[in-house]
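In our numbering, the protein residues as written are 49 to 188. A virtual CB, placed ideally from N, CA and C, is assigned to each residue, including glycine. Each remark here refers to the structure printed beneath this line.
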Amino acid sequence: MTLNSGQRTALEIELRLLEDDLRFIRDMIRKPPESGLLTRYRPVDPVRGAKIEKYVDKMAAEISVLVEAFRLQPQTEDVGRIIRAHMASAWSELHDTRVSKLKRYGPVDPGLEKTLEPHILRLIQCTRRVEALVQEGEPS
């Protein structure tokens, strides 16, 4: 049983994404994130969490079998690049909340130019600064 190059790549990518999802689920069950300013987290009850973790473990074991059977190769992920990607996404999404863009949802209160826009612009600037800081630490 063999895979061609494209099939191998597709399988590695999908299993890598699944592995990330399983890690995320396990982390969320074991230690839910702290609530923030705009998001509150309700943890999974311990009994249900234990049942979910059993399936997570079972799925991780299946991934392990496939990695071994098809000699799939791990990929090194650069945390800095992940941070940069998140900041690029945030930058784009923040631009969509600028006053000029909010017009697509209806008339905009002129006061928002002073009360909202400066905050959004500062957040946008911060996303760029985080990206720059990450990039400074990357090897050439």
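Worksheet item: Quick one, which of K162, D126, A109, A117 has its alpha-carbon nearest T12's?
Response: Because residue 12 is not part of the residues shown, which for the chain are 49 to 188, the question remains open.
If the criterion is Cβ atoms closer than 8 Å, does the pair L171 and L150 meet it?
Result no, Cβ atoms of L171 and L150 do not sit closer than 8 Å.
- Item | Residue range of the unbroken alpha helix (DSSP H) whose run includes L120 | Per DSSP, L120 lies in no alpha helix (DSSP H) and is assigned neither H nor E.
Let me make sure I understand the geometry here. Which of Q55, V127, K102 has the alpha-carbon closest to that of L70? For the residues Q55, V127, K102, the minimum Cα distance to L70 belongs to K102.
Going by DSSP, what residue range makes up the alpha helix (DSSP H) through M49? Element bounds for M49: n/a, residue is neither H nor E.
> Mind checking E179: buried by the 16 CB within 10 Å criterion, or exposed?
Replying inline: Flag for E179 reads buried.
* Asked: Whose C-alpha, out of T57, I130, S83, Y89, is nearest the C-alpha of Q183?
  -> Its Cα nearest to that of Q183, the residue I130 stands out among T57, I130, S83, Y89.
Subject >> Straight-line Cα distance separating D75 from L120 >> reply: L120 and D75: Cα-Cα distance of roughly 25 Å.
Practice prompt. Count the other CB atoms, across all protein chains shown, that sit within 10 Å of the CB of R90; report buried if there are 16 or more and exposed otherwise.
Written response: R90 comes out exposed.
message = Whole angstroms are fine: how far does the CA of V115 sit from the CA of T57?
response = Here the C-alpha atom of T57 lies approximately 12 Å from the C-alpha atom of V115.
Next on the checklist: Suppose you measure from the CA of P166 to the CA of R176; what does that come to, to the nearest Å?
Outcome noted: Those two C-alpha atoms are separated by around 16 Å.
- Alpha carbon to alpha carbon, how far is I61 from M135? C-alpha separation (whole angstroms): 23 Å.
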